[in-house]
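Number 351 in my numbering belongs to position 190 of the sequence shown; there are no gaps in the numbering.
Read the structure below first, then the notes.
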Amino acid sequence: MITIRDVGPTRNTFGYSTGHSASGRMTCLDASADGSRLYAGSFAGVWRSDDGGQNWSQMTWPQPPFGTVQGEIPGALFAPHVFDLAISPADPNVVLVSALDSQFADGRDGIYLSTDGGVTWTLVHKTSFPSNVAFAPDDGSLAYAAMGFDGIGLSSTGGTSWSVKAVHAWHVAIAPLEANGTRRIYTVGDNIISYSTDGGTTWTQDAGVSTINLVRNALSTFRKFCDPTDGGLGGFGGSTDISFAAGAGGRVLAIEPGNPTRVYMAAEGAANGPSFYAKVADGTICNTVCERLAGEASLWVGDFSQFSATNPMAQWVQLQGPPVYSGTTSPSGVAIVRTKETSSGFLLFFSDCSHVHASAGTPTTVTSWHRLDGEDASVARQANPHHGNVVFVHPDPHGIAFTSDFEITITPATGVDFPYNQCSVLDQYIGGTIWMANDGGVHWCADGGKNANSWNWPLGLETLDPVNIAGLFGIGNTPALYFGCGDNEDFFSRNGGVNWGDPGSGCGDCDTWFSDTATADRVIQFLPKRQPDDPSVVGCIGVIVSGDSSQYPDASDTGSKTFPPSTQLVAVGPPPKLVPYASSGRVLRGYRPVVKTLATEAALTDGDYVFINQDLNTRVLTLMRTNSIRSIKQMSDWFDTTKAAAVGPALPMGVDLVQTSGGHFATVFYVGDGTGKIGDGTGSVWKLDSSSNTWQQIVPNLTALTPVGSALRWFVDPYDPNGIYVLDSNGVKVSVDGGSSWVVDALLTNILTAGGMLTISASLLQDMQFSRGERQTRFVFGTAGVSCTMDFGISWFPVLNSIALPGRPESGFFDPISDLTDRAVYVECEGRSVLRIGGLPELPPFQPPPVFDLMEFAALDY
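This is the structure we're talking about:
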């Protein structure tokens, strides 16, 4: 019986810190008025808390019966990437989400509605654009969705049905109904602000944006003067951004409580607050000197009180921004603004993409701002004086929520010298709870955020986003696991996920790890941002070898590590420059650096690895191989034939992917130039001929009996150089003769497309795993889930359905021996940490591999 359980880091199994969290990025957040119910979006669907954010659970659905290929999961949220969500003010069980990346051929991206707390979902309006969704604050029957190029969606039925107005907008804010029947709606999208006073029936564009554009254009000119390669400031009010840094959050508009003619707008870039802890004097105003160009967001207020058909121009003013704190953080979150009515006025909350700040009312000077997620400059200067950016929670905000009774008062800092008095501090906590969603999960406090001890970390929010996973087995009765992830450093466990440690890489956005299961004493990791021992380059490979052969590698042991420099590729520029080859961008597209050890041979003493190097001047690409990686101390060592060697002739132009097969002594080399998508090569694959003189193109091959097109993904069996899988635009093609001929693998195509329901794309086949000791056992990982074969690919069966359990599987590690009664594959999933899929079937009695030709394979009855 298949079992699925979480084995990734948690608050209980990993030592938490503000920059290294056991939870990953949450993309959006909303809370019921009393704070008892919260929903948070992620790359793996929706998560829910029923106890104020202390404990969370993912909204999932039952797995189909074992072996069943099923794309239609009743009640599922078919699109896993959640860009925004909103709770009805009338019922916390009613929630709207904007969800994309379903990859269903019939189109299942768009606005989803749940009326039972996320247990089941209905796609109520299709759109392929990220949308800001919102309910009217005083009427749960009125809902709005800013859908960019698809316009503004309006619902008067609580989200069950929609009409659309042709208004270009990515963000929307709705005011309460006024006594005279006026309901004001504000939108913004790509430098266009629109305004309605009749609930969205009619709209007028605001000509007042000219004021905003003048200010931003002047700053763009200044930035380009400082740095001619600077791309400028760009526009404001862009689409909701959940993948990249310093973009717009869903909520960049907020209406002033008690004054619906005033609206606040958070705009990408253009911060104008004083800078602290950067490479300029503290107090330097950001974006006023070339030495302190800042990417943090800015804040504007628009006054629509005089707006009319004859004067369609609001009065916009850029407000004084908060202090900009640098050092341990950068603008890697999103811009957000929220308002909250209080007993004495209102609070204004602002995420500048790095930190969350609060002002009592409209900020008039920099002293209006108090930082909620870290120390104010004045506090750092006064109490336990230090000079650094102290954060209380994980940086990079993505959402802010609070209870209806949340209230604090703040007061200007005193007793400290200039410029450290350029802020406010917490004066009094009145009541209520505030939550922040960020790259480290969802954090909350119930004392106004007095200090670092005020903030609480959640349980159950298993949302880390590993890049890939490496594993080892053979020592004891548990495997070792290693992975890096964006935003949250990297992790390792030497007991199958019971406990997790910190490798101490300090890479922030960490990279990929690799292993050869024949050598349980070593792993390698890619560190493209780290300075190796050779100061002339950036980017290295971390090699970690256990000093005790009875123990898996301890990734935190600095004494067991060496850091050879990575080979280099040319980045176009301008100007052209060399960048590390060893990085995740190529791994995610198919690069595999380890030459795996066959079951019939012994492992090499210092491993066996392949890389690509490019000359900056000639642009010639060379395949490099080393069996002595720890001896490589500087770039010149790559050209020392006692330490590394070139393989074959120069590579075809554009090649940046390599895979190998056949072990250490009869190695066969395959290389590729990308996925064939626009901007990513031609989807070609080449094989080095037996004489090592020529790179022979084997994909695409449109003249073969069974044609194979450009490779969206391709994988070579590392233990059988004749076995190759290619995913092209028509499905999976397989070769069992090294690429000379091909057949359609209809069964595997059916599984990867969830029975033909998913559109074919590269993400359908994120990774394949082959077993050294069980040649007949293989795994595939992709959008539909995880599937397995135990008969050399004659038949495949699903073991994880990722529509029922959101979170796209991206790579895995098969452990057949640690527990012979519970064979398992460990899977890292996008935004879903690490899962252990146990209860895998035992192998049938040994049978020699079937001998058949390709025509017989093609004729199999699927």
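Where a beta carbon is used, it is the ideal one built from N, C-alpha and C, also for glycine.
- In the three-state reduction of the DSSP assignment, MET796 falls in the helix class.
- Straight across, the Cα-Cα distance linking LEU818 with PHE204 is about 27 Å.
- The stretch 187-235 is shown to contain no whole alpha helix (DSSP H) run of 4 or more residues.
- The beta carbon of ALA865 lies closer than 7 Å to those of SER902 and TRP903 in the same chain, with the five residues before and after it left out.
- For the 8 Å CB-CB criterion, CYS584 and ALA538 form a contact.
- For the stretch 280-348, the continuous beta strand (DSSP E) assignments of 3+ residues that do not extend past its boundaries occur at 283-287, 293-297, 300-307, 313-316, 324-326 and 332-335, in sequence order.
- Between ILE569 and ILE591, the C-beta spacing is below 8 Å.
- The stretch 346-355 makes no contact with the stretch 279-291, as fewer than three CB pairs between them are under 8 Å.
- Close CB contacts of VAL551 within its chain, under the 7 Å cut and outside five residues either way in sequence, are with GLY535, GLU536 and ALA541 (chain order).
- Beta-bridge analysis with DSSP links TRP618 to no other residue.
- In this structure, the CA atom of SER259 is about 29 Å from the CA atom of ASP464.
- In the DSSP assignment, CYS949 falls within the unbroken beta strand (DSSP E) covering 946-950.
- Shortest Cα-Cα distance from PRO473 to any of ILE353, SER218, SER400 and GLY176 involves ILE353.
- By the neighbour-count criterion, in which a residue is buried when 16 or more other Cβ atoms sit within 10 angstroms of its Cβ, GLU429 is buried.
- Considering only PHE958, GLY954, ARG993 and LEU981, the residue with the shortest C-alpha distance to PRO970 is ARG993.
- Of SER355, ALA336, GLY360 and GLU339, the smallest CA-CA separation from SER324 is found for GLY360.
- Between the alpha carbons of GLN215 and HIS181 lies a distance of about 19 Å.
- Rounded to whole angstroms, the gap between the alpha carbons of PRO741 and LYS794 is 15 Å.
- Listed as beta-bridge partners of VAL846 by DSSP are GLY833 and VAL860.
- Residue pairing of SER512 in beta bridges, as defined by DSSP: ILE497 and VAL517.
- Rounded to the nearest whole angstrom, the CA to CA distance from THR523 to SER210 is 32 Å.
- The residues ILE234, GLY236, ALA237 and ALA965, in chain order, have a CB closer than 7 Å to that of TRP222 in the same chain once the five nearest residues on each side in sequence are set aside.
- Membership of LYS894 in the beta strand (DSSP E) is indicated by the continuous run 892-896.
- In this structure, the CA atom of ASP709 is about 44 Å from the CA atom of TYR486.
- With at least 16 other beta carbons inside 10 angstroms of its own, PRO754 counts as buried.
- Burial state of PHE227 is exposed, judged by a 10 Å Cβ sphere holding fewer than 16 other Cβ atoms.
- In summary, ALA915 is buried, with 16 or more beta-carbon neighbours lying within 10 Å of its beta-carbon over all protein chains present.
- Minimum Cα-Cα distance from ASP881 among the listed residues ARG933, ILE630, THR787 and GLN219 corresponds to ARG933.
- In the assembly as shown, GLN224 is a buried residue. Its beta-carbon has 16 or more other beta-carbons within 10 Å.
- Shown here, GLN467 sits in coil according to DSSP, grouped into three states, outside any helix or strand.
- For GLY842, the closest alpha carbon among the candidates PRO813, SER459 and PRO627 is that of PRO813.
- The closest CA to that of ASP878, considering only GLY870, GLN857, ILE921 and VAL829, is found on VAL829.
- Sorting VAL328, VAL527 and ALA379 by C-alpha distance to the C-alpha of GLY444 places VAL527 at the top.
- Restricting attention to beta strand (DSSP E) runs no shorter than 3 residues, the stretch 645-703 encloses them at 651-654 and 683-688, ordered along the chain.
- Under DSSP, the beta-bridge partners assigned to VAL731 are LEU739.
- Inter-residue distance for GLY202 and HIS559 is about 10 Å (C-alpha atoms, whole angstroms).
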